[in-house]
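Chains X and A are the protein sequences, given in the same order. 443 is the number that UniProt numbering gives to position 443 of the first sequence; each next residue is one higher, with no gaps. 365 is the number that UniProt numbering gives to position 365 of the second sequence; each next residue is one higher, with no gaps. No residue lacks a Cβ here, since even glycine has one placed at the ideal position from N, Cα and C. None of these values were measured; they are calculated from a predicted model. Below is one structure, written out as structure tokens; the observations come after it.
Number of protein chains: 2
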Amino acid sequence: MSSTSQLRSLNYDNINPHVKEAKYAVRGELANKAESIRRDLEQDPSSHPFDHVIFANIGNPQQLDQKPITFFRQVLSLIQYPDLLNEANAEAARQLYPEDALERARWLLKSVKSVGAYSHSQGAPALRNSVARYIEQRDGHPADPESIYLTTGASSGVNTLLHVVAAGPNTGVMIPIPQYPLYTATLALLNAKPVEYYLEEPSHWSTDCNALYDVWNHAQAEGTDVRCICVINPGNPTGASLPYKSIEDILTFAAEKKLVVMADEVYQTNVFIGEFVSFKKVLRDLQKKVPGKYDNVELVSFHSTSKGMVGECGQRGGYFELVGFDPKVVAEIYKFVSISLCPPVGGQCLVEMMVNPPKEGEPSHALYKKEYDAIYNGLKTRAYALHDAFKHMEGVESQDPQGAMYMFPTIKLSQKAVEAAEKEGRKQDEFYCMELLKATGVCVVPGSGFGQKDGTWHFRTTFLAPGTDWVGRIVDFHKGFMDKYRD
Amino acid sequence: MSSTSQLRSLNYDNINPHVKEAKYAVRGELANKAESIRRDLEQDPSSHPFDHVIFANIGNPQQLDQKPITFFRQVLSLIQYPDLLNEANAEAARQLYPEDALERARWLLKSVKSVGAYSHSQGAPALRNSVARYIEQRDGHPADPESIYLTTGASSGVNTLLHVVAAGPNTGVMIPIPQYPLYTATLALLNAKPVEYYLEEPSHWSTDCNALYDVWNHAQAEGTDVRCICVINPGNPTGASLPYKSIEDILTFAAEKKLVVMADEVYQTNVFIGEFVSFKKVLRDLQKKVPGKYDNVELVSFHSTSKGMVGECGQRGGYFELVGFDPKVVAEIYKFVSISLCPPVGGQCLVEMMVNPPKEGEPSHALYKKEYDAIYNGLKTRAYALHDAFKHMEGVESQDPQGAMYMFPTIKLSQKAVEAAEKEGRKQDEFYCMELLKATGVCVVPGSGFGQKDGTWHFRTTFLAPGTDWVGRIVDFHKGFMDKYRD
């Protein structure tokens, strides 16, 4: 059809330029190459020097054999086929499902009527109640179900909030570097300005609050109307976990500079060192401690069923909580989400179970706890195994794994390797990751997909893949790579 | 918090103006009022002159007691809890599930690995294969799984395509009036121009192709860069069904004017008069019949699991097929959808079953057919009952119900009623619909939410609610309303 391309309505030069500007490396060139290798291996298992691809490019636990939590799936199974709850099937159902799963399924169906019916655009009210109770228990401060919005994964929530914030090309949104590229991609689509603040790699990718003021001053001086600061805690791709004091400092900065705080807290249960503290908790603490000063802070916090020990990415569940927003702005947020009708109702029910899992004394509690702990410990073990491997790799430095599902080590390449990358027209980190993929089948994402300080190079890897064989593959590849390109 | 509102980052005057411009009446004021009445009745069943609200504002079959198709739900139930497929549970499972449901579940799980894993952003390849086979069988022309994109309902697909098309404030997209407000809302968000073409009410809301040229000429003369024409067939809110000849004419117009055709075909199985013909079929027919002339046509067709006899709105399944697009544009479409990671995997599996239901000779076929036919016939019966009621109502005119799930009758109000509406600061149709809701609990949507010719007034109602009592409620209300406001 190339002969008719000049006759088409759409070509690369006349479509929405903001779509073209958006970049999303997590599913970019490396991921496409990995997928094509996977297909090669399906056709011919000897086509590559390894027998399977390891998708360490994306936090997708169940793709890497993480088993879902049984109680969640039992209930999701029941609500999809409510006939199982009928008297006629009671005996067979009781063989397959514990009593509390049957009970929860009945309650959820009462709350949503049917998994196949559109719910309230904000999410079914009864399920939002459970979320509010979870937040109250987590933070020790009240939460209002009317301020909870169930979403299609956390991504759709971030998309909603950035849509409302982005008033024009001059609107600035502060984002950490490195960051999860959803933020820059969405800002590109909305033609708004990312205002970058760098995380401090040497101190476990911490947030330097003085630097926030500098970045803000600089952006303001350039005429950018900074409206919002995004924080990812625990960090993606860094794996950092913010201490209480840093959250206080960020909120103080936001209060002084009149900024919406977008707290991406989807990894809130993936914490290996210390304890997760939510922005909501610290904000309410501060509002009590220093009356007046923090009343103006607008906070939105995101959570998801895709991460944590739930790991149900494909179910597309999530929520956000709004704190301190103007009611007229809230009305616009509601209208915006209503255009997409509602999040998947099965995913909504999964959110409810995530925040309200089986309790002690209930039939499913023991199994739930066992599964939950096994996933948690497995992640932690693999994180440290990977960290240990990185520590012993020449030219690689890696911060302690504190949380999330990722590590983001630095790599330093030799001059020869730099030249080899240039010859292929690739950035250094892209070159390294592509060589790694081709040699080992391990797919990671170059640091340039997340942002990094000029002249530094990283890659992001998840630590989700089972076993340790693949860590060995990376170690061996790296040794060979360093030897091959030794100056 | 009002004393601090001037201290907030966001207020109604400084947020994204395009979000404010977007209108989505299907879930607007009337729907909110209906929801608040529903809550009143929950607290106090005597608080209104009726005992329950009928949500006829939205095509949400299962909210109105339509039973899901058993086979679909059996399989969705199994894939959520794969332990049911284990040998250990074989006996109990066989009591609850037919053999072909077990078989399908095994196949789907092989295809997606887990309902809880992110899939390919375009949707799992094996499921896209089934969609392509369905399209081939429907149209008698080949379809390519690589051109199929599974989506989160049809809405997210429409959102994707409009995002790519909308190059700037000058980009024009032709939309039918009346239309489903997703189109105008999304164009408002994207700051692109809706170029309206009016459907012909007196001839069953048909499409006058000569008028398309006039509208295009007029827009072009005004400097609008018209890129795309949207068609909803069967029609929402009109219920019209396009004949083959009209589709030919629209495609000829699109070929001549170099326009992308966006065919919203989500009601393709909801046809009561004649047969559904897809744009893809007619395009391929024309390309064979008149070599060369139609080679440049870019067509995207949308389908959904929310409508038809499936009616699974809450599962958020859908797909679109791209035909004739430039590969570089396709790459941008793929990147755009990858930012949202993937559509709900359960919804993807439901799409597969919708396009590949149980076949004759398979254990579930008889029940599937019985359920399917009962839903179809129920919808048709209720459509005609409603049509019959409208025919006998003073000042109301309604076209024959040809398809979809809606009727869009005209109403003519007396001068006194017009004045009463003005006194409340409402448009005539809004006033009528609000009075109807308050008196009967039946929630419909004013025509102004969809667009209508100046000086005409309509409302859209679904014909999904079971029984006929609610039709009687409308008839009685209308009589009382006309008497109350008689000039």
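| Item | Value |
| --- | --- |
| Near-chain A residues of the segment 244 to 272 of chain X - C-beta to any C-beta below 8 Å | Lys258, Leu259 and Val260 |
| Closer than 7 Å to chain A by CB, Ala185/X | yes |
| Distance CB(Val231/X)-CB(Trp216/X) smaller than 7 Å | no |
| Cβ-based contacts, 8 Å cut-off: residues of the segment 220 to 241 of chain A near chain X | Arg227 and Cys228 |
| C-beta contact flag for Val351/A and Tyr319/A at 7 Å | yes |
| Cβ neighbour criterion (16 or more within 10 Å) applied to Tyr12/X | exposed |
| Residues near Pro61/A by beta carbon distance below 6 Å, same chain, minus five either side | Gly311 and Leu464 |
| Cβ-Cβ distance between Gly223/A and Lys193/A below 7 Å | no |
| Three-state secondary structure assigned by DSSP to Tyr12/A | coil |
| Whole alpha helix (DSSP H) elements within the segment 174 to 262 of chain X, 4-residue minimum | 182 to 189, 209 to 221 and 244 to 257 |
| Per-residue contacts from Gln62/A into chain X (C-beta, under 9 Å) | Lys113, Ser114, Val115, Gly116, Ala117 and Tyr118 |
| Where Pro291/A falls, given that 16 or more other Cβ within 10 Å makes a residue buried | exposed |
| Below-7 Å beta-carbon distance, Leu76/A vs any chain X residue | yes |
| Limits of the unbroken alpha helix (DSSP H) element including residue 552/A | Outside the shown range of chain A (1 to 487) lies residue 552/A, about which nothing can therefore be said. |
| Where residue 491/X meets chain A, residues with beta-carbon distance less than 8 Å | With chain X running from 1 to 487 in the structure shown, residue 491/X is simply not present. |
| Bridge partners - Thr171/X, DSSP secondary structure assignment | Asp225/X |
| Gly308/X versus Arg106/X, Gly168/X and Gln268/X, residue with shortest Cα-Cα distance | Gln268/X |
| Burial state of Thr462/A, where buried means 16 or more other Cβ atoms lie within 10 Å | buried |
| Among Lys257/A, Pro178/A and Tyr180/A, nearest to Leu212/A - alpha-carbon criterion | Lys257/A |
| Segment contact, 8 Å Cβ cut-off, at least three pairs: the segment 398 to 412 of chain A with the segment 154 to 161 of chain A | no |
| Environment of Arg284/X [buried if 16+ CB atoms lie within 10 Å] | buried |
| CB contact flag (Ser364/A, Phe71/A, <7 Å) | yes |
| Within 7 Å, strictly: CB atoms of Ala185/X and Ala439/X | no |
| Chain A within 7 Å of Gln95/X, Cβ atoms only | yes |
| Residue range of the alpha helix (DSSP H) that includes Val337/X | Pro327 to Ile339 |
| Sequence-distant residues of its chain with Cβ nearer than 7 Å to Val297/X (five each side left out) | Leu251, Ala254, Ala255, Val261, Leu283 and Gly324 |
| Heavy atom of the ligand ADP within 6 Å of Ser241/A beta-carbon | As presented, the structure is devoid of all ligands, the ligand ADP included, so that no description of it is given. |
| is_contact[Val337/X, chain A] using C-beta, thresh 7 Å | no |
| Backbone secondary structure at Val19/X - three-state DSSP | helix |
| Any C-beta of chain A under 7 Å from that of Ile15/X | yes |
| Neighbouring residues, chain A, relative to Lys328/X (Cβ below 8 Å) | Asn11 and Tyr12 |
| Within chain A, the residues that Asn89/X reaches when beta carbons sit closer than 9 Å | Gln95 and Leu96 |
| Spatial neighbours of Ser121/X in its chain, beta-carbon cut-off 8 Å, leaving aside the 5 residues before and after | Tyr334, Val337, Ser338, Ser340, Leu341 and Cys342 |
| Within-7 Å CB hit, Ser155/A to chain X | yes |
| For Asp214/A and Val195/A, the rounded distance between their alpha carbons | 11 Å |
| Beta-carbon neighbours of Gly378/A, restricted to chain X and to distances below 9 Å | Near Gly378/A there are no residues of chain X at all, since even the closest Cβ is about 16 Å away, more than 9 Å. |
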